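The block underneath contains the structure these notes are about, expressed in structure tokens.
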Amino acid sequence: MISRKQYLEQRLGGLTGGILWGLDTVLIGFILLQSPLKGFTGTAPLLATFLHDTFSALVLLLIGAKQAGQSYLKSLWNSLVHQSSGRWVAFAAIFGGPIGMTSYTLSIHFIGPGYTAIISAMYPAFGALLNFIIFRQRPTFSTILGLTLAISGTMLAGISASTQSSVNPIGFLFAAMCVIGWGSESVISAYGMKNDLSSDTALQIRQLISAVVFAIIIVPLIPSGFSMTFSILTAPVCFILFLTALAGTLSYRFYYRSINTLGAVEAMGLNISYSAWAIFIGLFFGNALSFTALLFAFIIIAGSVLTADSQQLILKKIIHLRS
Numbered sequence: 001m002i003s004r005k006q007y008l009e010q011r012l013g014g015l016t017g018g019i020l021w022g023l024d025t026v027l028i029g030f031i032l033l034q035s036p037l038k039g040f041t042g043t044a045p046l047l048a049t050f051l052h053d054t055f056s057a058l059v060l061l062l063i064g065a066k067q068a069g070q071s072y073l074k075s076l077w078n079s080l081v082h083q084s085s086g087r088w089v090a091f092a093a094i095f096g097g098p099i100g101m102t103s104y105t106l107s108i109h110f111i112g113p114g115y116t117a118i119i120s121a122m123y124p125a126f127g128a129l130l131n132f133i134i135f136r137q138r139p140t141f142s143t144i145l146g147l148t149l150a151i152s153g154t155m156l157a158g159i160s161a162s163t164q165s166s167v168n169p170i171g172f173l174f175a176a177m178c179v180i181g182w183g184s185e186s187v188i189s190a191y192g193m194k195n196d197l198s199s200d201t202a203l204q205i206r207q208l209i210s211a212v213v214f215a216i217i218i219v220p221l222i223p224s225g226f227s228m229t230f231s232i233l234t235a236p237v238c239f240i241l242f243l244t245a246l247a248g249t250l251s252y253r254f255y256y257r258s259i260n261t262l263g264a265v266e267a268m269g270l271n272i273s274y275s276a277w278a279i280f281i282g283l284f285f286g287n288a289l290s291f292t293a294l295l296f297a298f299i300i301i302a303g304s305v306l307t308a309d310s311q312q313l314i315l316k317k318i319i320h321l322r323s
């Protein structure tokens, strides 16, 4: 039985991951408007994601090698090749990065960010269903209520942001694939980490596999993909992309630790709060903040907090105050 302090610290860590991913989201949006990416119509998000995960994987490798020396690389190889837990996380990485992120960016291209946000917000619900099928874990009332609020808030925010009049139906298919990818990543990663694999090692495997799959499958499919990637690497915006990857790495570190300690459903509920934090962080980049956006942001955050409250402390407190 964990203490109240540990209970709160675990959930604060998951919420911090959502805040950092909100920062990552806003920075990526800023980067895509800079040269040369703004000239790579349709392909810029894919190339940015490839470099983002590659930078993240390299940073994690350097940190691990500095802390543990050559034994880190040996341990990583052993986890990836000889342990089933490592292979499960590698499998999850394919769902999260190449499938989830690629589908997400293609969905934005075909149907716009608003509709994409509406549909992709369903990934925690899909993950919760998958988690029940695999682990037979029934969510608490607080988790169900929290997921409903967080998903509804994100969908409403997407509806209010939808300005694209003409859409390509294939974009909805990509958005659905994103839901499957992200939801599956969390549940499969939780399964891989339930034995002897640490969350930090799991994250290293995740980013490494994602970067490799992008490099050998996705980027080669893009006309002049590697040429455009090189032009990004030699542009000033590359440094901002590297800093963004650091924020993303920290976010994923909190996220994977949450998956490991709280389980897939609660971790996803906290992580989806990124869409709300991105609204607030966007203020520092000159984005306008409407009353409806502010309202939806608070709904999302409230839902995220309730989702992770497996002991239902908040609901019990509310009921106690009302009585």
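If you use full-length UniProt numbering, the sequence shown corresponds to residues 1 to 323, in order. The C-beta atom is built at its ideal place from N, Cα and C for all residues, glycine as well. Predicted, not measured: the structure shown is a model, and the values here were computed from it.
1) Report the option in 253, 172, 259, 305 whose CA atom is closest to the CA atom of residue 276.
2) Assuming contact is defined by CB atoms lying nearer than 8 Å, are residue 178 and residue 120 in contact in what I supplied?
3) Who are the near neighbours of residue 51 in its chain, counting only those whose CB is closer than 8 Å to its CB and skipping five residues on each side?
4) Let me know the secondary structure DSSP gives residue 40 once reduced to three states.
5) Kindly list the residues whose CB is nearer than 7 Å to the CB of residue 60, restricted to its own chain and excluding five residues on each side of it in sequence; keep chain order.
6) With a 10 Å radius around its C-beta and 16 neighbouring C-beta atoms as the bar for buried, classify residue 301 as buried or exposed.
7) Would you say residue 256 and residue 199 are within 8 Å of each other, going by their C-beta atoms?
8) Would you kindly work out how many angstroms separate the C-alpha atoms of residue 196 and residue 76, rounded to a whole number?
9) Using three-state DSSP, classify residue 321 as helix, strand or coil.
10) Run the CB neighbour count on residue 216, radius 10 Å, all protein chains shown included, and call it buried at 16 or more, exposed below.
11) Contact between the segment 136-151 and the segment 83-92: three or more CB pairs below 8 Å?
12) Classify residue 224 as buried or exposed, calling it buried when 16 or more other Cβ atoms lie within 10 Å of its own Cβ.
13) DSSP three-state call for residue 234: helix, strand or coil?
14) Given residue 295, which residues of its chain have a CB within under 7 Å of its CB, disregarding the five upstream and five downstream residues?
15) With DSSP run on the structure shown, which of helix, strand or coil describes residue 118?
16) State the CB to CB distance for the pair residue 98 and residue 214, rounded to an integer number of angstroms; the pair is presumed to be in contact (CB under 8 Å).
17) What is the residue span of the alpha helix (DSSP H) that residue 125 lies within?
18) With distance defined between alpha-carbon atoms, name the residue in 279, 129, 112 nearest to residue 144.
19) So residue 160 packs on residue 293, CB below 8 Å; how close in whole Å?
20) Closer than 7 Å: is that where the CB of residue 286 sits relative to any heavy atom of the ligand COA?
21) Does DSSP classify residue 243 as helix, strand or coil?
22) Which residues in the same chain as residue 264 place their Cβ atom closer than 7 Å to its Cβ, once the five residues preceding and following it in sequence are excluded?
23) Excluding the five sequence neighbours on either side, which residues of its own chain have a C-beta within less than 8 Å of the C-beta of residue 283, listed in chain order?
24) Short check: CB of residue 273 to CB of residue 15, under 8 Å?
25) In angstroms, rounded to a whole number, what distance separates the CA positions of residue 321 and residue 27?
26) Within the same chain, show all residues whose beta-carbon is closer than 8 Å to that of residue 48, passing over the 5 residues directly before and after it, in chain order.
27) Let me know the secondary structure DSSP gives residue 169 once reduced to three states.
28) Identify whether residue 138 lies in helix, strand or coil by the three-state DSSP scheme.
29) Once the 5 residues before and after residue 12 are set aside, which same chain residues still bring their CB inside 8 Å of it?
With the given structure in hand:
1) The residue labelled residue 276 in the question sits at position 276 within the sequence shown. That would be 305, whose Cα lies nearest to the Cα of residue 276.
2) Residue 178 sits at position 178 when you count from the first residue of the sequence shown. Residue 120 sits at position 120 when you count from the first residue of the sequence shown. Yes.
3) On the sequence shown, residue 51 is found 51 positions in, with the first residue counted as 1. Closer than 8 Å at Cβ, skipping near neighbours: 229, 232, 233, 238, 241, 245.
4) Looking up residue 40 in the sequence shown gives position 40. Coil, per DSSP.
5) In the sequence shown, residue 60 corresponds to position 60, counting from 1. 203, 204, 207, 249.
6) If you number the sequence shown from 1, residue 301 lands on position 301. Flag for residue 301 reads buried.
7) As a first step, residue 256 must be located in the sequence shown, where it is residue number 256. As a first step, residue 199 must be located in the sequence shown, where it is residue number 199. Closer than 8 Å, so yes.
8) Position 196 of the sequence shown, counted from the start, is the residue given in the question as residue 196. Position 76 of the sequence shown, counted from the start, is the residue given in the question as residue 76. If I take the Cα positions, the gap works out to 13 Å.
9) Locating residue 321 in the sequence shown gives position 321, counting from the first residue. Confidence at residue 321 is low in this model, with a pLDDT of 48, below 50, so the placement of that residue is unreliable and no value is reported for it.
10) As a working note, residue 216 is residue 216 in the sequence shown. Exposed, since its Cβ has fewer than 16 Cβ neighbours within 10 Å.
11) no
12) Taking the first residue of the sequence shown as 1, we reach residue 224 at position 224. Exposed is the call here.
13) One-based indexing of the sequence shown puts residue 234 at position 234. Residue 234 falls in the coil class under three-state DSSP.
14) Residue 295 sits at position 295 when you count from the first residue of the sequence shown. Here the set comprises nothing.
15) Taking the first residue of the sequence shown as position 1, residue 118 is located at position 118. It is helical.
16) Along the sequence shown, read from residue 1 onward, the residue named residue 98 stands at position 98. Along the sequence shown, read from residue 1 onward, the residue named residue 214 stands at position 214. That pair is a contact at about 6 Å.
17) Against the sequence shown, residue 125 aligns to sequence position 125. Start and end: 123-135.
18) By one-based count along the sequence shown, residue 144 stands at place 144. The candidate whose alpha carbon is nearest that of residue 144 is 129.
19) To locate residue 160, count along the sequence shown from 1; it is residue 160. To locate residue 293, count along the sequence shown from 1; it is residue 293. Confirmed, about 7 Å.
20) Ligands in the displayed structure: none, and consequently the ligand COA is not present.
21) By one-based count along the sequence shown, residue 243 stands at place 243. Helix, per DSSP.
22) One-based indexing of the sequence shown puts residue 264 at position 264. Same-chain partners within the cutoff: 127, 131, 186, 187, 190.
23) In the sequence shown, residue 283 corresponds to position 283, counting from 1. Counting only Cβ-Cβ distances below 8 Å, and skipping sequence neighbours, we find 289.
24) Counting from one through the sequence shown, the residue named residue 273 turns up at place 273. Counting from one through the sequence shown, the residue named residue 15 turns up at place 15. Yes. Within cutoff.
25) By 1-based counting over the sequence shown, the position of residue 321 is 321. By 1-based counting over the sequence shown, the position of residue 27 is 27. Reliability of the predicted coordinates at residue 321 is poor, the pLDDT of 48 falling under 50, and the value obtained from them is presented with this limitation in mind. Cα to Cα, the separation comes out at about 41 Å.
26) Walking along the sequence shown from the start, residue 48 turns up at place 48. Answer for residue 48: 28, 31, 32, 37, 232, 241, listed in chain order.
27) Here residue 169 corresponds to residue number 169 of the sequence shown, with the count starting at 1. Three-state DSSP puts residue 169 in coil, outside helix and strand.
28) Taking the sequence shown and counting its residues from 1, one reaches residue 138 at position 138. It is coil, neither helix nor strand.
29) Here residue 12 is taken as the residue at index 12 of the sequence shown, counted from 1. Contacts found: none.
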